[in-house]
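Numbering (the working numbering), first residue to last: 489 to 845.
For each residue, glycine too, the CB sits at the ideal point set by N, CA and C.
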């Protein structure tokens with residue numbers, strides 16, 4: 489009875505996520521696996537038959553999903569070997585939409601299947617270390633919604649702007665993945681229609697490449713004064729400045745609780761390179777939960793009814809309330825993390841009080 493009550497209370501305290509994440513890649517038709525042709529197929533893997541079993545598995549770990557899929561169609565043995573691989577089976581079973589997104593954006597060949605599988609088995613955002621419920625496709629990293637919004641390293645830009653910002657050439661850019669966007673309506677805070685396929689690169693990867701090309705952070709910093717001399721618009725100047733400041737090491741904190749830098753330019757391509765991504769744990773599949781109590785907290789703030797003590801806990805000194813309070817609306821929690829959060833959440837306490845009254 490107690491367990492049943494706890495489950496009922498848990499479902500009362502979590503909320504649907506559709507309205508919060510509508511500006512991401514979603515609703516993709518899943519790729520249909522090719523049906524058997526009816527023709528007899530051999531039981532050979534060709535030259536791979538010569539490899540010892542352990543070495544064969546090591547080689548397969550280096551392949552991307554497209555290559556594994558092709559290998560599975562070579563022969564009945566190829567099909568059996570590939571479909572028995574945990575790296576293949578787990579992703580196909582638990583994250584097929586993310587795999588479809590990698591194919592449609594033409595990024596699938598840039599990530600070994602083992603890397604996608606490794607990310608599936610992680611749960612924390614690489615930037616803030618809270619629960620991360622999204623896959624950032626260009627780098628195959630797990631991230632949270634707020635870091636997608638706040639961290640400039642997870643922005644996308646056009647090859648033309650990347651070249652201009654980091655003094656790169658076309659040949660340079662061939663060293664990093666080029667994403668082909670999926671037409672649709674995207675945006676992290678505000679959504680806009682993108683009817684055409686955009687060719688985009690990751691700011692993080694472009695900056696990493698620029699450090700290799702130019703040799704040092706100091707050499708890269710010397711490019712910045714040249715921006716103003718190039719008669720750029722204030723918007724482009726601001727964007728380039730923040731691209732140069734994009735952190736390549738994880739901030740390891742909730743960035744909405746940091747003072748915001750001036751003149752932050754809204755993301756033109758927000759949501760176009762990320763998709764919901766489950767985490768596979770020892771106890772099963774975790775998708776993360778949004779807190780209904782945080783919505784109550786936000787509502788009380790907007791009504792001027794949030795106690796000052798609660799507001800000061802949520803909003804650090806020197807930081808405006810808008811960003812931290814919006815961030816709690818999109819914070820996903822693991823099941824264990826949610827229970828810890830619920831003990832501290834003002835809105836949860838209000839909801840529990842209503843349930844018990």
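Among the options, which one has its Cα closest to the Cα of residue i?
i, options, result
"residue 676", "823, 763, 809, 497", "763"
"residue 773", "619, 553, 609, 815", "609"
"residue 725", "751, 709, 700", "751"
"residue 509", "805, 686, 587, 777", "777"
Buried or exposed: where does residue i fall if 16 or more other Cβ atoms within 10 Å of its Cβ makes it buried?
i, result
"residue 810", "exposed"
"residue 663", "exposed"
"residue 791", "exposed"
"residue 741", "exposed"
"residue 639", "buried"
"residue 831", "exposed"
"residue 504", "exposed"
"residue 780", "buried"
"residue 723", "exposed"
"residue 522", "At residue 522, the pLDDT of 48 sits below 50, so the modelled position is not reliable; the number obtained from the coordinates is stated separately. Classification for residue 522: exposed."
"residue 759", "buried"
"residue 770", "exposed"
Check this for me: beta carbons of residue i and residue j, under 9 Å apart or not?
i, j, result
"residue 679", "residue 736", "no"
"residue 612", "residue 630", "yes"
"residue 748", "residue 803", "no"
"residue 615", "residue 555", "no"
"residue 601", "residue 549", "yes"
"residue 674", "residue 682", "yes"
"residue 567", "residue 558", "no"
"residue 632", "residue 620", "yes"
"residue 513", "residue 589", "yes"
"residue 701", "residue 660", "yes"
"residue 825", "residue 784", "no"
"residue 786", "residue 820", "no"
Output the boundary residues of the beta strand (DSSP E) element that contains residue i.
i, result
"residue 631", "629-631"
"residue 767", "767-769"
"residue 764", "762-764"
"residue 680", "680-682"
"residue 803", "Per DSSP, residue 803 belongs to no beta strand (DSSP E) and is neither H nor E."
"residue 774", "772-774"
Go to residue i, then tell me how far its alpha helix (DSSP H) extends in each direction, as first and last residue.
i, result
"residue 615", "Where residue 615 is concerned, there is no enclosing alpha helix (DSSP H), given that its DSSP letter is neither H nor E."
"residue 701", "691-702"
- Query: Taking one C-beta from the segment 743-758 and one from the segment 634-652 each time, how about it: are there three or more such pairs within less than 8 Å?
  - Reply: yes
- Does the segment 689-708 come within contact of the segment 718-732, defined as at least 3 CB pairs closer than 8 Å? yes
- Three-pair Cβ contact test at 8 Å for the segment 783-801 versus the segment 540-560: no
- Query: Are the segment 649-660 and the segment 574-581 in contact at 8 Å, needing three or more beta carbon pairs?
  - Reply: no
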